[in-house]
Structures are given as structure tokens and as C-alpha cells.
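Chemist: One structure, as C-alpha cells, below. Some questions next.
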Amino acid sequence: MHTDRIEPAPIPGSREHRLQRLVLLELLVDPPAVPERIADVARRLNEPLAGVAEAVAALARAGLARRQGDCVAASALARYFDVLWPIAL
Numbered sequence: 001m002h003t004d005r006i007e008p009a010p011i012p013g014s015r016e017h018r019l020q021r022l023v024l025l026e027l028l029v030d031p032p033a034v035p036e037r038i039a040d041v042a043r044r045l046n047e048p049l050a051g052v053a054e055a056v057a058a059l060a061r062a063g064l065a066r067r068q069g070d071c072v073a074a075s076a077l078a079r080y081f082d083v084l085w086p087i088a089l
């Protein structure tokens with residue numbers, strides 16, 4: 001059996017869980033044409049930049065976001081999953 005190479009997901013109800021869900025939702029619902037600044041995402045969500053940056057890093061490690069410098073976008077994997085199971089019905 002193969003070992004899971006993805007780090008464990010955050011505990012439901014935790015701060016990390018809430019922020020990762022918020023950031024992923026923000027990246028998938030009405031995504032911008034180009035990656036956007038993490039600071040802009042944090043400002044729009046009214047969340048601390050450090051927390052949003054941590055969420056982006058975790059989502060990137062899980063393959064759900066792609067980071068380019070100080071910018072972030074949903075990964076192809078996240079967008080594909082959203083086509084199959086839309087999160088914004």
C-alpha cells in the first residue's frame with residue numbers, strides 16, 4: 001500500500017481549517033484572470049496577512065493552490081475538482 005504523501009488536513013473547526021476553506025473558496029469563486037496578491041486576498045477576507053499566507057502555503061502543499069512570489073491562484077487540480085463538484089452552487 002502506498003503511503004499518503006499529502007500532509008494531514010487541518011482539524012475541522014480549527015482556525016487553520018476555517019482560513020484554508022475561506023482562501024480556497026475565494027480562489028475558486030469568480031477567480032481573477034491572473035494570480036492575485038496574497039495581501040489583496042487577506043484584505044478582501046478581512047483576515048490577518050500572516051494567517052492567509054499560512055493557509056496559502058498549506059493549500060499549495062496539498063496541490064490546491066499555486067503560488068508565484070507574493071501571488072496566488074487556484075491550482076489546475078482545484079479548478080478541475082470544482083468543475084466536478086462545484087463549491088459555489
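My numbering numbers the first residue of the sequence shown as 1 and each following residue consecutively.
Cβ atoms here follow ideal geometry from the backbone N, Cα and C, with glycine treated the same way.
1) Along the chain, which unbroken stretches of the alpha helix (DSSP H) at least 4 residues long are found entirely within the stretch 33–71?
2) Where does the unbroken alpha helix (DSSP H) through Ala78 begin, and where does it stop?
3) For Ala53 and Arg37, I'd like the C-alpha separation in whole angstroms.
4) For His17, tell me which candidate among Ala58, Gly69 and Leu45 has the shortest Cα-Cα distance.
5) What residue from Leu22, Ala65, Gly13 and Gly51 has the CA that sits closest to Pro35's CA?
6) Where does the unbroken alpha helix (DSSP H) through Val29 begin, and where does it stop?
Modeler: With the given structure in hand:
1) Correct list: 38–45 and 49–61.
2) For Ala78, the uninterrupted alpha helix (DSSP H) segment begins and ends at Ala76 to Leu84.
3) Rounded to whole angstroms, Ala53 to Arg37 spans 10 angstroms at the Cα level.
4) Closest option to His17, judged by alpha-carbon separation, among Ala58, Gly69 and Leu45: Ala58.
5) Out of Leu22, Ala65, Gly13 and Gly51, Ala65 has the C-alpha closest to the C-alpha of Pro35.
6) No alpha helix (DSSP H) holds Val29; DSSP gives it neither H nor E.
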